[in-house]
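Under this note's numbering, the first residue of the sequence shown is numbered 168, with each subsequent residue one higher. Every residue gets a Cβ at the ideal spot worked out from N, C-alpha and C, and that includes glycine. Structure record follows, encoded as structure tokens.
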Amino acid sequence: MKILIGTNNKNKLAQYRQTLEKDSNNLEILSLADVGITLDVEEDGDNLLYNAKKKAKEYAELSGMVTIADDTGLFIDALGGEPGIHAKRWAAGSDRDRCLKIIERLRDVPADERKARYEAIVACYDPARKKFFISKSEVRGYIVDEIKGDNGFGYDSIFLVEKFGKRFAELTEEEIDSISHRAIGTKKILIKLIRND
């Protein structure tokens, strides 16, 4: 089975390949570039589900292929849920710039009050059956002050994962795959897709 990954983010694409190719030898994972799609679908919804479904459906209809896409948000309790669904568009600049802005905003917040969670909606759309497969997942942790780690992107270098006591960006690929909101959601989707639930 061929599956198109509906993202132009190279880091996300690598995570999808890691998850899907490890779990099945019968899948061929294709990128937008592989099928000649240059469109960047705009995430203009006010919730993760809308954005994930929009991307999956538009890319699926353009390609004629089963397509997986997601939308992920970072929700920090002490910031009233910011940056939320606008994690990447929350502030101008690079990932590092956005991390530094959060660190500054939380400067006077005690460590035990820095709870945060990644939420992800993974959507799969099969254009032949005109059918969605949806999965929601989350990872809980805390925001820490020091930027550290090379194996991640976005806010991974300041997000301390409760289960491992390390930043997301410090985890191995195997550790990330075992708890990642995106990986868990994708595995659930794959089961639904194969079973045709």
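Measuring alpha carbon to alpha carbon, tell me which of V328, T234 and Y322 ends up nearest G308. V328
Hey, I170 and D237 are a contact pair by Cβ (cut 8 Å); roughly how many whole angstroms apart? Their Cβ separation, rounded to whole angstroms, is 13 Å, which puts I170 and D237 out of contact at 8 Å.
Near A350, which residues of its chain fall below 8 Å by C-beta distance, leaving aside the five closest residues on each side in sequence? Q182, Q185, T186, I343 and D344
First and last residue of the uninterrupted alpha helix (DSSP H) at A226: According to the sequence displayed, residue 226 carries Tyr and not Ala. Start and end: L215 to S230.
Does the segment 351-361 come within contact of the segment 280-300, defined as at least 3 CB pairs closer than 8 Å? yes
Kindly give me the distance between the Cβ atoms of G173 and T234, rounded to whole angstroms, as I take these residues to be in contact under 8 Å. 5 Å
Every unbroken alpha helix (DSSP H) within the segment 304-350, with a cutoff of 4 residues, ordered by chain: 340-346
Going by Cα to Cα distance, which pick from K297, H348 and H253 is closest to E210? H253
From L180 to K268, what distance separates their C-alpha atoms? 26 Å
Cutting at 6 Å between CB atoms, please list the residues of its own chain near K303, excluding the five before and the five after it. I288
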